[in-house]
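Worksheet: the structure to be examined is printed underneath.
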Amino acid sequence: MEICCPVCKNKLTLTKRSYRCLNGHNFDLAKEGYLNLNLRNSRNTGDNPEMIKARRDFLEKGYYSFLKDAVDQLLDEDDSLIDLACGEGYYTKDFKCRDKVGIDLSKTGLKIASKNDKSTLYLLSSIFRGPLPDKCADKIITIFAPIAEEEIVRMLKDDGRFILVRPDRRHLIELKEAIYDHPYLNEEKEVLIKGLVREKQIRISRTVNVERPYIEDLFMMTPYVNTTSAKDKQKLKSIEKLDISFCFLIDVFKKPN
(Lines of atoms letter the chains of each structure in order from A and count residues from 1; the text may use other names and numbers.)
(Lines give C-alpha, C1' and ligand atoms only; values in the text may rest on other atoms or scores of the structure.)
Protein backbone atom coordinates (compact mmCIF):
# COMPACT_ATOMS: atom_id res chain seq x y z
CA MET A 1 0.00 0.00 0.00
CA GLU A 2 1.34 3.44 -0.92
CA ILE A 3 2.40 5.65 2.00
CA CYS A 4 2.13 9.45 1.79
CA CYS A 5 4.48 12.05 3.23
CA PRO A 6 2.73 13.72 6.19
CA VAL A 7 4.34 17.04 5.23
CA CYS A 8 3.64 17.40 1.49
CA LYS A 9 1.38 14.37 0.76
CA ASN A 10 3.68 13.04 -1.98
CA LYS A 11 4.43 9.34 -2.22
CA LEU A 12 7.08 7.98 0.15
CA THR A 13 9.56 5.52 -1.34
CA LEU A 14 11.48 2.99 0.75
CA THR A 15 15.27 2.95 0.38
CA LYS A 16 17.01 0.57 2.80
CA ARG A 17 15.48 1.64 6.15
CA SER A 18 14.19 5.09 5.23
CA TYR A 19 11.11 6.42 3.48
CA ARG A 20 11.72 9.54 1.37
CA CYS A 21 9.52 11.72 -0.86
CA LEU A 22 10.40 13.79 -3.95
CA ASN A 23 10.66 16.91 -1.81
CA GLY A 24 13.37 15.38 0.36
CA HIS A 25 11.33 14.72 3.51
CA ASN A 26 12.86 11.67 5.14
CA PHE A 27 11.48 9.23 7.73
CA ASP A 28 13.53 6.38 9.21
CA LEU A 29 12.09 3.06 10.26
CA ALA A 30 12.46 2.43 13.98
CA LYS A 31 14.68 -0.47 14.95
CA GLU A 32 11.56 -2.46 15.83
CA GLY A 33 10.18 -1.90 12.33
CA TYR A 34 7.42 0.70 12.65
CA LEU A 35 7.49 4.03 10.80
CA ASN A 36 7.09 7.25 12.77
CA LEU A 37 5.05 9.75 10.74
CA ASN A 38 3.76 11.74 13.70
CA LEU A 39 4.86 15.33 13.14
CA ARG A 40 3.73 16.52 16.55
CA ASN A 41 6.20 14.28 18.44
CA SER A 42 4.14 14.40 21.62
CA ARG A 43 5.52 12.21 24.39
CA ASN A 44 2.23 11.13 25.95
CA THR A 45 0.18 9.84 23.04
CA GLY A 46 -1.84 6.69 22.66
CA ASP A 47 -2.30 4.15 25.47
CA ASN A 48 0.28 4.21 28.25
CA PRO A 49 2.58 1.20 28.92
CA GLU A 50 0.53 0.05 31.94
CA MET A 51 -2.67 -0.10 29.89
CA ILE A 52 -0.93 -1.86 27.03
CA LYS A 53 0.59 -4.49 29.34
CA ALA A 54 -2.79 -5.20 30.91
CA ARG A 55 -4.45 -5.52 27.51
CA ARG A 56 -1.68 -7.71 26.15
CA ASP A 57 -1.74 -10.04 29.16
CA PHE A 58 -5.52 -10.36 28.94
CA LEU A 59 -5.76 -10.86 25.18
CA GLU A 60 -2.96 -13.42 25.09
CA LYS A 61 -5.12 -15.67 27.28
CA GLY A 62 -7.48 -15.96 24.30
CA TYR A 63 -10.59 -14.50 25.95
CA TYR A 64 -11.40 -12.43 22.85
CA SER A 65 -10.22 -14.93 20.24
CA PHE A 66 -13.81 -15.59 19.18
CA LEU A 67 -14.15 -11.90 18.32
CA LYS A 68 -10.97 -11.98 16.23
CA ASP A 69 -12.28 -15.04 14.38
CA ALA A 70 -15.61 -13.32 13.69
CA VAL A 71 -13.89 -10.28 12.18
CA ASP A 72 -11.55 -12.48 10.17
CA GLN A 73 -14.59 -14.09 8.52
CA LEU A 74 -15.42 -10.67 7.03
CA LEU A 75 -12.01 -10.35 5.34
CA ASP A 76 -10.56 -11.83 2.16
CA GLU A 77 -6.99 -12.90 1.43
CA ASP A 78 -6.80 -10.44 -1.47
CA ASP A 79 -7.85 -7.47 0.65
CA SER A 80 -5.77 -4.39 1.32
CA LEU A 81 -6.52 -3.64 4.96
CA ILE A 82 -6.07 -0.68 7.30
CA ASP A 83 -6.46 -1.23 11.06
CA LEU A 84 -7.12 2.14 12.71
CA ALA A 85 -6.02 2.32 16.38
CA CYS A 86 -4.34 -1.08 16.08
CA GLY A 87 -2.56 -0.92 19.45
CA GLU A 88 -0.05 -3.72 19.87
CA GLY A 89 -1.45 -5.57 16.85
CA TYR A 90 -3.26 -8.41 18.62
CA TYR A 91 -5.99 -8.51 15.98
CA THR A 92 -4.00 -7.19 13.02
CA LYS A 93 -1.25 -9.80 13.04
CA ASP A 94 -3.58 -12.75 12.43
CA PHE A 95 -5.66 -11.28 9.62
CA LYS A 96 -4.64 -13.06 6.41
CA CYS A 97 -4.84 -10.10 4.02
CA ARG A 98 -2.29 -9.52 1.27
CA ASP A 99 -1.51 -5.92 2.29
CA LYS A 100 -1.94 -4.62 5.84
CA VAL A 101 -1.27 -1.29 7.52
CA GLY A 102 -1.80 -0.62 11.23
CA ILE A 103 -2.01 2.94 12.55
CA ASP A 104 -1.72 4.05 16.17
CA LEU A 105 -0.23 6.82 18.30
CA SER A 106 1.30 4.60 20.97
CA LYS A 107 5.02 3.95 20.48
CA THR A 108 4.88 1.27 23.15
CA GLY A 109 2.08 -0.51 21.34
CA LEU A 110 3.72 -0.27 17.93
CA LYS A 111 7.05 -1.55 19.23
CA ILE A 112 5.29 -4.73 20.33
CA ALA A 113 3.23 -4.96 17.15
CA SER A 114 6.13 -4.57 14.74
CA LYS A 115 8.35 -6.99 16.67
CA ASN A 116 5.71 -9.72 16.58
CA ASP A 117 4.25 -9.12 13.13
CA LYS A 118 6.35 -8.70 10.00
CA SER A 119 3.32 -9.08 7.71
CA THR A 120 2.04 -5.57 8.53
CA LEU A 121 3.50 -2.09 8.14
CA TYR A 122 2.82 -0.21 11.36
CA LEU A 123 2.65 3.60 11.28
CA LEU A 124 2.90 5.98 14.21
CA SER A 125 0.29 8.55 13.23
CA SER A 126 -3.09 9.94 14.18
CA ILE A 127 -6.00 7.96 12.77
CA PHE A 128 -7.60 11.34 11.99
CA ARG A 129 -4.71 12.28 9.67
CA GLY A 130 -3.98 9.00 7.93
CA PRO A 131 -0.75 9.13 5.85
CA LEU A 132 -2.35 7.09 3.07
CA PRO A 133 -3.81 8.04 -0.33
CA ASP A 134 -7.46 8.27 -1.34
CA LYS A 135 -9.27 5.01 -2.12
CA CYS A 136 -6.38 2.77 -1.10
CA ALA A 137 -8.09 0.11 1.05
CA ASP A 138 -10.59 -2.67 0.42
CA LYS A 139 -11.35 -2.95 4.14
CA ILE A 140 -10.83 -0.63 7.11
CA ILE A 141 -11.26 -1.83 10.70
CA THR A 142 -11.78 0.06 13.96
CA ILE A 143 -12.00 -2.03 17.13
CA PHE A 144 -12.96 -0.27 20.39
CA ALA A 145 -11.74 3.14 19.22
CA PRO A 146 -13.12 6.47 17.97
CA ILE A 147 -14.43 6.57 14.42
CA ALA A 148 -12.33 8.71 12.07
CA GLU A 149 -15.27 9.18 9.72
CA GLU A 150 -13.79 11.52 7.11
CA GLU A 151 -10.55 9.57 6.80
CA ILE A 152 -12.35 6.24 6.57
CA VAL A 153 -14.54 7.45 3.71
CA ARG A 154 -11.55 9.05 2.00
CA MET A 155 -9.24 6.01 2.20
CA LEU A 156 -11.85 3.36 1.44
CA LYS A 157 -12.16 2.14 -2.14
CA ASP A 158 -15.51 2.28 -3.91
CA ASP A 159 -17.42 -0.86 -2.92
CA GLY A 160 -15.06 -1.26 0.06
CA ARG A 161 -16.15 -2.09 3.61
CA PHE A 162 -15.63 -0.44 6.98
CA ILE A 163 -15.86 -2.83 9.94
CA LEU A 164 -16.63 -1.30 13.33
CA VAL A 165 -16.42 -3.32 16.56
CA ARG A 166 -17.93 -1.96 19.78
CA PRO A 167 -19.43 -3.30 23.04
CA ASP A 168 -23.12 -4.11 23.13
CA ARG A 169 -25.41 -3.25 26.01
CA ARG A 170 -24.57 -6.24 28.24
CA HIS A 171 -20.82 -6.31 27.71
CA LEU A 172 -19.07 -6.86 31.10
CA ILE A 173 -22.33 -6.49 33.04
CA GLU A 174 -21.22 -8.99 35.72
CA LEU A 175 -18.03 -7.02 36.32
CA LYS A 176 -20.09 -3.86 36.83
CA GLU A 177 -22.44 -5.70 39.20
CA ALA A 178 -19.45 -6.83 41.26
CA ILE A 179 -17.97 -3.37 41.80
CA TYR A 180 -20.75 -0.78 41.44
CA ASP A 181 -23.69 -0.13 43.74
CA HIS A 182 -25.78 0.83 40.72
CA PRO A 183 -24.57 -1.16 37.69
CA TYR A 184 -25.80 -0.01 34.30
CA LEU A 185 -26.08 -1.33 30.76
CA ASN A 186 -23.96 0.18 28.02
CA GLU A 187 -25.62 2.73 25.80
CA GLU A 188 -26.09 1.58 22.23
CA LYS A 189 -26.17 4.49 19.82
CA GLU A 190 -26.98 4.11 16.16
CA VAL A 191 -23.87 4.82 14.10
CA LEU A 192 -24.41 6.79 10.90
CA ILE A 193 -21.48 7.63 8.63
CA LYS A 194 -22.00 10.08 5.80
CA GLY A 195 -20.86 8.47 2.56
CA LEU A 196 -21.29 4.88 3.80
CA VAL A 197 -24.29 2.57 3.99
CA ARG A 198 -24.66 0.04 6.78
CA GLU A 199 -24.78 -3.38 5.17
CA LYS A 200 -25.33 -5.53 8.25
CA GLN A 201 -24.94 -5.75 12.00
CA ILE A 202 -23.70 -8.86 13.80
CA ARG A 203 -24.03 -9.59 17.53
CA ILE A 204 -21.73 -12.11 19.14
CA SER A 205 -21.34 -13.04 22.81
CA ARG A 206 -19.71 -15.53 25.10
CA THR A 207 -19.69 -15.96 28.88
CA VAL A 208 -16.28 -16.93 30.24
CA ASN A 209 -14.94 -17.64 33.72
CA VAL A 210 -12.11 -15.16 34.32
CA GLU A 211 -9.66 -15.44 37.21
CA ARG A 212 -7.33 -12.99 38.88
CA PRO A 213 -5.16 -11.20 37.79
CA TYR A 214 -6.92 -11.12 34.43
CA ILE A 215 -10.05 -9.54 35.95
CA GLU A 216 -7.93 -6.52 36.89
CA ASP A 217 -6.25 -6.55 33.46
CA LEU A 218 -9.70 -6.51 31.84
CA PHE A 219 -10.76 -3.57 33.99
CA MET A 220 -7.62 -1.69 32.95
CA MET A 221 -8.70 -2.09 29.31
CA THR A 222 -12.01 -0.31 29.86
CA PRO A 223 -12.96 3.39 30.04
CA TYR A 224 -14.17 2.68 33.60
CA VAL A 225 -10.61 2.79 34.90
CA ASN A 226 -10.67 6.59 34.63
CA THR A 227 -14.12 7.14 36.16
CA THR A 228 -14.36 4.56 38.95
CA SER A 229 -13.78 5.60 42.55
CA ALA A 230 -10.87 4.21 44.55
CA LYS A 231 -13.38 2.50 46.85
CA ASP A 232 -15.01 0.62 43.99
CA LYS A 233 -11.67 -0.25 42.42
CA GLN A 234 -10.63 -1.83 45.70
CA LYS A 235 -13.49 -4.35 45.31
CA LEU A 236 -11.58 -5.90 42.42
CA LYS A 237 -8.97 -7.16 44.87
CA SER A 238 -11.51 -9.46 46.54
CA ILE A 239 -12.72 -11.16 43.35
CA GLU A 240 -10.88 -14.43 42.74
CA LYS A 241 -12.92 -15.48 39.70
CA LEU A 242 -16.03 -14.32 37.92
CA ASP A 243 -18.25 -15.43 35.03
CA ILE A 244 -18.22 -12.44 32.66
CA SER A 245 -20.25 -11.84 29.51
CA PHE A 246 -18.28 -10.61 26.51
CA CYS A 247 -20.83 -9.11 24.12
CA PHE A 248 -19.95 -7.26 20.92
CA LEU A 249 -21.58 -5.47 18.02
CA ILE A 250 -19.93 -5.71 14.62
CA ASP A 251 -21.22 -3.16 12.11
CA VAL A 252 -20.30 -3.53 8.44
CA PHE A 253 -20.60 -0.42 6.26
CA LYS A 254 -20.25 -0.32 2.49
CA LYS A 255 -18.96 2.55 0.36
CA PRO A 256 -21.20 2.73 -2.72
CA ASN A 257 -19.70 3.01 -6.19
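Using my numbering, the letters of the sequence shown correspond one by one to residues -4 to 252. We put the beta carbon where it would ideally sit given N, CA and C, even for glycine.
Check                                                                                                                                                                 : Outcome
In the DSSP assignment, the beta strand (DSSP E) including TYR117 goes from what residue to what residue?                                                             : 115 to 119
What three-state label does DSSP hand THR223 in the structure shown?                                                                                                  : coil
Would you mind working out which of SER120, ASN5, LEU54 and ALA65 sits nearest ASP35, comparing C-alpha positions?                                                    : It should be noted that the sequence gives Arg, not Asp, for residue 35. Per the Cα distances, SER120.
Just list the beta strand (DSSP E) runs in the segment 80 to 109, keeping only unbroken ones of 3 residues or longer that don't cross its boundaries, in chain order. : 94 to 99
Consult DSSP for ASP52 and reduce its assignment to one of helix, strand or coil.                                                                                     : helix
Mark SER75 as exposed unless 16 or more other C-beta atoms lie within 10 angstroms of its C-beta, in which case mark it buried.                                       : buried
Need the endpoints of the alpha helix (DSSP H) that LYS63 sits in, please.                                                                                            : 60 to 67
Assuming LYS130 contacts LEU151 under a Cβ cut-off of 8 Å, what Cβ separation, rounded to an integer in Å, is found between them?                                     : 7 Å
Beta-carbon separation of VAL148 and LEU191 under 9 Å?                                                                                                                : yes
Does the Cβ-Cβ distance between ASP71 and ASP133 come in under 9 Å?                                                                                                   : yes
Beta-carbon separation of ARG165 and VAL247 under 9 Å?                                                                                                                : no
With a Cβ-Cβ cutoff of 9 Å, do ILE210 and ALA65 count as a contact?                                                                                                   : no
If you count every other CB in all the chains shown that lies within 10 Å of the CB of VAL96, and 16 or more means buried, which is it?                               : buried
Can you tell me which residues form a DSSP beta bridge with TYR29?                                                                                                    : Beta-bridge pairing links TYR29 to no other residue.
Apart from the five residues just before and just after LYS232, which ones in its own chain have a Cβ nearer than 7 Å to its Cβ?                                      : none
Is there contact here, the segment 204 to 222 with the segment 46 to 58, by at least three beta-carbon pairs under 8 Å?                                               : yes
Sort out for me which residues DSSP pairs TYR14 with in a bridge.                                                                                                     : LEU9 and PHE22
Applying the 10 Å Cβ sphere with the 16-neighbour rule, what's the burial state of PRO1?                                                                              : buried
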